[in-house]
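First residue of the sequence shown: 0, per numbering that gives the first Met the number 0; consecutive thereafter.
C-beta: ideal position from N, C-alpha, C; glycine also.
For reference, the structure discussed in these notes is given below.
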Amino acid sequence: MIRLYNTMNRRKEEFIPREPGKVSIYACGPTVYDYFHLGNARMLVVFDMIRRYFTWRGYTVNYVQNFTDVDDKIIARAREENSGTDALAAKYIDAYFTDAAALRIQKATVHPRATENIAEMRDIISGLIEKGLAYATEGDVYYAVDRFAGYGKLSGRSTEDMVAGARVDPNPRKRGPMDFALWKKAKEGEPSWPSPWGPGRPGWHIECSAMSLKHLGPSFDIHGGGGDLIFPHHENEIAQTEGYLDGKIMARYWMHNAFITINQEKMSKSEGNFFLIRDLLKKWSGDIVRFYLLGTHYRSPLDFDGEKLVMAGKGLERLKTAWRLAEEGASRPGGTKTDLRAAAAAARRDFTAAMDDDFNSAQAYAALFDLAHSLNIAAAAADALPAALTEAAATLRELASVLGLVITPEAAGALGAEEARIAALMTLLIDIRAGARAKKDWPTADLIRDRLKEAGLVIEDTPQGARWYSAP
Ligand SMILES: [Zn+2]
């Protein structure tokens, strides 16, 4: 039985799908006006992990993640880059798939784009106007928040709080302070589409209502996103969809991940303290970044500094080493004593229990490390039954893969062709340097290290041997 924390009810609940054996998930995807940063990556990796786990548990998962490709930020950035909004969005959607692949984020079942669903948005807006839940004024359309009784139920905010927040941005065309735009009148030089209320473009919130309803229908299983989307974005999605569906619920469960902090402050684009994944990948592999992101339960805040990635790299290396030693041990005959099947079964049981309990990937890591520990001991003693070693190694590999972690040599596949070539060269140079050091040929060893450093490739000597990274 899988239990998950439902933001709507503020407690862990048993997951009961809308249809047996199937899970429908909608996660709010990126606004494609820039490369994505580590804070965005946490949400993407967390929901990718959740999706993989459901799949492993035998569910058929329909996972929808949108791209917001029309928005104020996109329009502003297109002007800066002297580009059209379509070309700008296409560029950052391509970049999204490149960076996501490095983090082993699988493609969603569908990646709908806002601009391809304008007709669906117009239909919902028309329906809301007919029901008296929205009004058109001077080419804009607003949602009449005080007409929707359930407003505030997800965030648990009081009306006074929400009104006070909304007063920050007064707008004379709105009837109520909390009313929000469903349709924005076209402005000179901005992309627009025809509508019964005049040319314009959709508001951000209506995009997700339209795309989730189109691809998943009413009352789908899980709506996900970063915790900062609870208010107002998800509150507004609920008002739109549930108002349009005459009270039928939008989603059965609402899941939100906590954010990443740097020195205890939230990582965000607007605060200017963020790390682009693209930049982190120059120094760290996508596997290490992913390992770091899943090392903390998704609802706990995650603080970032470079040291955490060093630790993540070591953790991942421990799993890889255990698997490799077990594979090597299994090819040596003679072991008859240690039977690792019990350890493998325990790891499988503990892993499943941790993940069933609100996708506790941090706890699941403990099961992986326990098994790795047993493998190391057995490999060192060289007394294990070869077949049991093979089975335990396969279990370690399988459980890691459920989290999207690859601990076998094919991990090189996460690198681009160019990076893989550099990695192969570096392995060669590190081996030559190790040979020089073994012969106490320090000038050669230092020459290799110094010349590589000049080229931006840093070799570090550690107790586990030399490792390298690209200098930032
Ligand atoms: Zn959304």
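Q. Nearest-angstrom Cα distance between ILE73 and THR30?
A. 8 Å
For ligand 1, is there any heavy atom lying closer than 7 Å to the beta carbon of GLY202?
no
- Task: May I ask you to list the residues that DSSP assigns as paired with HIS255?
- Result: Beta-bridge analysis with DSSP links HIS255 to GLY224.
field: Touch test, the segment 158-177 against the segment 106-119, Cβ-Cβ under 8 Å, three pairs minimum
entry: no
How about HIS296: is its Cβ closer than 7 Å to a heavy atom in ligand 1? no
**Asked** Does the Cβ of GLY225 lie closer than 7 Å to at least one heavy atom of ligand 1?
**Response** no
I need the straight-line Cα distance from ALA413 to LEU102, nearest angstrom please. Low per-residue confidence applies at ALA413: pLDDT is 48, beneath 50, and the placement is therefore not dependable enough to give any value.
Go through its chain and collect everything with a Cβ distance to GLU187's Cβ below 6 Å, but skip five positions before and after it.
-> Spatial neighbours of GLU187 in its own chain (CB-CB distance under 6 Å, excluding positions within 5 residues in sequence) are not present.
Exercise. Compare the beta carbon distance of GLY155 and TRP182 with 8 Å and say whether it is the shorter of the two.
Key: no
Out of curiosity, what's the CA-to-CA distance linking SER330 and PHE368?
23 Å
Alpha carbon of PHE358 to alpha carbon of HIS296, nearest angstrom: Taking the straight line joining both Cα atoms gives about 8 Å.
- request: Note down, in chain order, each residue of its chain lying with its Cβ closer than 7 Å to the Cβ of ASN5, except the 5 sequence neighbours on either side.
  value: GLU12, TYR252, TRP253
Original post:
Which residues mark the beginning and the end of the beta strand (DSSP E) in which SER125 is found?
Top reply: Under the DSSP assignment, SER125 falls outside any beta strand (DSSP E), being part of the alpha helix (DSSP H) whose first and last residues are 117-129.
Q | Runs of alpha helix (DSSP H) lying entirely within the segment 119-203, each at least 4 residues, in chain order | A | 158-165
| query | Under 8 Å, do PHE66 and GLY28 count as touching if we go by C-beta distance? | reply | yes
- ligand 1: which residues have Cβ under 5 Å from any of its heavy atoms, chain order? CYS27, CYS207
- What are the boundary residues of the beta strand (DSSP E) that GLN64 is part of? 59-64
| task | Return the chain-ordered ranges of every alpha helix (DSSP H) run that is complete within the segment 320-398 and spans a minimum of 4 residues. | result | 340-355, 360-380
* Which residues bound the alpha helix (DSSP H) around GLU234? -> 234-243
Rank TYR468, PRO201, VAL457 by C-alpha distance to the C-alpha of ASP122 and give the top, closest one.
-> PRO201
Is ASN170 buried or exposed, if buried means 16 or more other CB atoms sit within 10 Å of its CB?
Classification of ASN170: exposed, given that the 10 Å Cβ count is below 16.
Query raised in the report: Three-state secondary structure (DSSP) at PHE230?
Result: helix
Q | Classification of TRP441 by the beta-carbon crowding that lies within 10 angstroms, buried from 16 upward | A | exposed
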